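One gets this note's numbering by counting positions in the sequence shown from 1 and adding 5 to each. For each residue, glycine too, the CB sits at the ideal point set by N, CA and C. These numbers come from a predicted model, not from an experiment. Notes follow the structure.
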Amino acid sequence: MVRRRVVEGSAERERLAELAGAASAEAALATPTVEPSPGTPTDLTAAAFFDVDNTMMMGASIFHFARGLAARKYFRNSDLAGFAWQQIKFRVGGREDPQSVKASREQALSFVAGRSVSELISLGEEIYDELMADKIWTGTQALAQMHLDAGQRVWLVTATPVELAQIIARRLGLTGALGTVSESEEGVYTGKLVGDLLHGRAKAHAVRALAAKEGLDLRRCTAYSDSVNDVPMLSVVGTAVAVNPDSGLRDTARKRGWEIRDFRTGRKAARIGVPSVLGAGALAGAIAAGMAYRKRG
Numbered sequence: 006m007v008r009r010r011v012v013e014g015s016a017e018r019e020r021l022a023e024l025a026g027a028a029s030a031e032a033a034l035a036t037p038t039v040e041p042s043p044g045t046p047t048d049l050t051a052a053a054f055f056d057v058d059n060t061m062m063m064g065a066s067i068f069h070f071a072r073g074l075a076a077r078k079y080f081r082n083s084d085l086a087g088f089a090w091q092q093i094k095f096r097v098g099g100r101e102d103p104q105s106v107k108a109s110r111e112q113a114l115s116f117v118a119g120r121s122v123s124e125l126i127s128l129g130e131e132i133y134d135e136l137m138a139d140k141i142w143t144g145t146q147a148l149a150q151m152h153l154d155a156g157q158r159v160w161l162v163t164a165t166p167v168e169l170a171q172i173i174a175r176r177l178g179l180t181g182a183l184g185t186v187s188e189s190e191e192g193v194y195t196g197k198l199v200g201d202l203l204h205g206r207a208k209a210h211a212v213r214a215l216a217a218k219e220g221l222d223l224r225r226c227t228a229y230s231d232s233v234n235d236v237p238m239l240s241v242v243g244t245a246v247a248v249n250p251d252s253g254l255r256d257t258a259r260k261r262g263w264e265i266r267d268f269r270t271g272r273k274a275a276r277i278g279v280p281s282v283l284g285a286g287a288l289a290g291a292i293a294a295g296m297a298y299r300k301r302g
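In structure tokens:
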């Protein structure tokens with residue numbers, strides 16, 4: 006009986022992950038994308054997918070967003086402290102347990118329920134400029150620009166809300182973003198997710214779904230991430246690259262022969278063999294990050 010419940014629970018999680026991935030791909034393509042510069046060659050079958058937290062950006066994007074919301078009195082500082090502790094546990098442990106992910110989901114939904122999509126986007130734009138713009142890893146941004154210059158589309162993939170992910174992509178001049186999709190009716194959040202958080206296997210489903218819609222050859226794509234949680238995502242593409250990896254991902258990368266890039270030492274992209282990455286194909290990436298903010302009591 007216990008085994009049966011475990012199997013059923015696993016099947017349900019996989020179903021929700023697949024639903025989340027499909028919804029994320031649909032939302033990404035429904036948003037106007039950044040067009041390549043005139044004269045740039047076009048590579049129709051290769052694309053770059055970058056994780057955000059600790060890969061493209063220092064720290065967790067949703068935590069920076071939560072800081073901005075706390076400053077605007079959207080919730081208590083104690084709630085922010087609780088989220089910070091959850092992030093620390095995640096970073097030290099390397100994996101998020103199902104209960105932690107469930108708690109993050111419920112907290113996120115309690116915040117967005119009843120709020121307008123336009124409000125979240127407006128706040129996200131303000132907070133990005135205030136707290137996130139100077140957190141971008143220049144080495145990783147250089148890698149993204151390299152792919153854009155080669156005519157390849159560049160997508161962010163993250164568990165943060167898709168609206169915030171798209172803001173980050175626009176600010177960086179990237180093609181677009183895959184992120185967690187929250188259900189909305191007439192421009193107002195209902196307090197439900199479409200599927201689940203774009204986390205773990207859901208990110209692999211999102212990349213597959215986007216590749217199918219865009220006609221991409223995943224064998225020519227590459228994944229960038231810092232977290233062992235993103236091994237499912239890294240495994241669906243032709244080339245996987247560990248960027249600023251945690252210990253779990255570093256071990257996996259070494260065992261599988263994946264490239265490792267670490268910008269935390271201050272080394273510049275030009276000094277660590279950037280051309281070898283492009284030569285292997287385009288990129289793709291994903292990472293797990295909590296959505297743990299809480300509505301002010």
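Which residues mark the beginning and the end of the alpha helix (DSSP H) in which residue i is found?
| i | result |
| --- | --- |
| V236 | 236 to 239 |
| V57 | Here V57 belongs to no alpha helix (DSSP H), and DSSP marks it neither H nor E. |
| L179 | No alpha helix (DSSP H) contains L179, which DSSP labels as neither H nor E. |
| S123 | 122 to 132 |
| A71 | 66 to 76 |
| L153 | 143 to 154 |
| R255 | 252 to 261 |
Apart from the five residues on each side of it in sequence, which residues of its chain come closer than 8 Å, Cβ to Cβ, to residue i?
| i | result |
| --- | --- |
| E131 | G73 |
| D231 | D56, D58, N59, T60, A247, V248, N249, P250, D251, L254, I292 |
If we ignore side chains and look at the alpha-carbon of each, how far apart do residue i and residue j end up?
| i | j | result |
| --- | --- | --- |
| G200 | L239 | 21 Å |
| E19 | T185 | 15 Å |
| W263 | S121 | 42 Å |
| L161 | A16 | 27 Å |
| M61 | T145 | 6 Å |
| Q150 | G26 | 25 Å |
| A76 | K197 | 26 Å |
| D267 | E191 | 44 Å |
| I173 | P166 | 11 Å |
| D48 | Y133 | 30 Å |
| A258 | G243 | 14 Å |
| L202 | A164 | 6 Å |
| A285 | H152 | Caution applies to A285, whose pLDDT of 29 falls short of 50 and renders its modelled position unreliable; the value that the coordinates give is listed next. Straight-line Cα distance between these residues: approximately 12 Å. |
| R206 | E135 | 32 Å |
| T50 | K140 | 31 Å |
| D154 | P237 | 28 Å |
| R261 | F54 | 20 Å |
| D256 | I265 | 10 Å |
| R178 | L21 | Note that residue 178 is Gly in the sequence shown, not Arg. Distance between the alpha carbons of G178 and L21: 31 Å. |
Considering only residues of the same chain and omitting the five flanking positions on each side of residue i, which have a CB-CB separation below 7 Å?
| i | result |
| --- | --- |
| A30 | L183, A211, A214, L215, K218 |
| A28 | V186, V199, G200 |
| A274 | Low confidence applies to A274: its pLDDT is 38, below 50, so where it sits in the model is not reliable, and the reading given next is rough at best. These residues qualify, in order along the chain: G144, A147, L148. |
Please list the terminal residues of the continuous beta strand (DSSP E) segment that includes residue i.
| i | result |
| --- | --- |
| L198 | 193 to 198 |
| T270 | From DSSP, T270 is part of no beta strand (DSSP E); its letter is neither H nor E. |
| L215 | Looking at the DSSP string, L215 is not in any beta strand (DSSP E); the run it does join, the alpha helix (DSSP H), is 206 to 219. |
| A245 | 244 to 248 |
| A164 | 158 to 166 |
| T227 | 227 to 230 |
| E188 | 187 to 190 |
Using only CA atoms, which one of the options lies nearest to residue i?
| i | options | result |
| --- | --- | --- |
| R176 | L21, T47, V159 | V159 |
| N234 | G64, I67, D56, M137 | D56 |
| E23 | Y229, S232, H204 | H204 |
| H69 | F54, L128, A53, L21 | L128 |
| A118 | T195, L21, L136 | T195 |
| G156 | A28, A32, P43, L21 | P43 |
| V241 | L136, L179, K208 | K208 |
| I67 | F54, M137, S123, Y79 | M137 |
| S123 | S189, W142, T50 | S189 |
| P41 | A32, T180, Y79 | T180 |
| W142 | A65, K78, V193, Y79 | A65 |
| T270 | L21, M63, D256, A32 | M63 |
Quick one: what's got a C-beta closer than 6 Å to residue i's C-beta in the same chain, skipping five residues either side?
| i | result |
| --- | --- |
| I126 | E168 |
| Q171 | T36, A182 |
| A245 | A228, L239, W263 |
| T45 | G156 |
| A32 | V167, V186 |
| A52 | Q157, R158, L221, C226, A287 |
Taking 7 Å as the cut-off, is the CB of residue i close to at least one heavy atom of the ligand HEM?
| i | result |
| --- | --- |
| L198 | Annotation note on the ligand HEM: not contained in the displayed structure, which lists no ligands. |
*asked:* Would you call the segment 31 to 44 in contact with the segment 220 to 227, where contact means no fewer than 3 C-beta pairs closer than 8 Å?
replied: Segments in contact, no.
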